[in-house]
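If you count the sequence shown from 1, you need to add 52 to reach my numbering.
C-beta atoms are modelled at their ideal positions from N, C-alpha and C, and glycine is treated no differently.
Worksheet for the structure shown next.
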Amino acid sequence: MTDPAASVYLYAILRAKTASGFKAFQNVIRCRLKALKMQQIFIEGLSVPTLIGVYDWERTQQTTLIMDLLINADLSEAMASDDVNHTIDYAAVAECVKEVGASSGFELLEALSKAIVDSLCARFPIQKLVLKIEKPGILPDAQKVGIQVTHEVSE
Numbered sequence: 053m054t055d056p057a058a059s060v061y062l063y064a065i066l067r068a069k070t071a072s073g074f075k076a077f078q079n080v081i082r083c084r085l086k087a088l089k090m091q092q093i094f095i096e097g098l099s100v101p102t103l104i105g106v107y108d109w110e111r112t113q114q115t116t117l118i119m120d121l122l123i124n125a126d127l128s129e130a131m132a133s134d135d136v137n138h139t140i141d142y143a144a145v146a147e148c149v150k151e152v153g154a155s156s157g158f159e160l161l162e163a164l165s166k167a168i169v170d171s172l173c174a175r176f177p178i179q180k181l182v183l184k185i186e187k188p189g190i191l192p193d194a195q196k197v198g199i200q201v202t203h204e205v206s207e
């Protein structure tokens, strides 16, 4: 047997002869099915001009933030149909992020990240979202500062 997944299934079936083994088998199947229904979309290095900062000098001109997004979603229908209407449109995600960034009057990256997460999760069928926001050139001894947040949508 060369398929590692098949080996895991076989092992789980053999252990299923006991009550605890059956529970282990159920967990393996549940995890495998969940993995089949979750794929990832990523956008890296998205430039988002915005006014953000605590200090007055930060709020006098726009800063370009750099954002990375990793979106977990069930894309199985799009994979089967090859139809853009069955997936999360990357351009629409980028536009949503830029809209929130452009309209923000936030002082903190933390508050901006929450607004972006809320907006994306309201518009798209996201199961999990990892958002990284970088703010370059703020500290003299660092290339950039930033925040990374992970949001899981509860079922």
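According to DSSP, residues forming a beta bridge with residue i
i, result
"ALA125", "GLN91"
"THR102", "THR115"
"VAL205", "Per DSSP, none; premise fails for VAL205."
"ASP120", "LYS184"
Buried versus exposed, by CB contacts within 10 Å (16 or more), residue i
i, result
"SER128", "exposed"
"GLY189", "exposed"
"GLY153", "buried"
"VAL149", "buried"
"LEU160", "exposed"
"THR112", "exposed"
"LEU191", "exposed"
"ALA194", "exposed"
"ALA125", "buried"
"MET53", "The pLDDT assigned to MET53 is 45, lower than 50, so where the model puts this residue is not dependable; a value taken from the coordinates is nonetheless given after this. It is exposed - the Cβ of MET53 has fewer than 16 other Cβ atoms within 10 Å."
"VAL145", "buried"
"VAL100", "buried"
Residue of the options minimising C-alpha distance to residue i
i, options, result
"MET90", "LYS180, LEU121, GLN200, PRO192", "LYS180"
"ASP170", "LEU103, GLU159, GLU151", "GLU151"
"GLY97", "ILE104, LEU122, GLY105, GLU110", "LEU122"
"GLU186", "ALA130, ALA132, MET119, HIS203", "MET119"
"LYS184", "CYS173, GLU110, HIS203, ASP141", "HIS203"
"PHE176", "VAL205, VAL100, ASP135", "VAL205"
"PHE94", "SER156, GLN114, ALA143", "ALA143"
"LEU117", "ALA174, SER156, LEU172", "SER156"
"GLN114", "THR139, THR102, ASP108", "THR102"
"GLU110", "ALA132, THR139, VAL136, PHE158", "PHE158"
Taking three-plus beta-carbon pairs below 8 Å as touching, is the segment 150–166 in contact with the segment 192–205? yes
Complete alpha helix (DSSP H) runs within the segment 137–198 (minimum length 4 residues, chain order): 142–155, 161–175
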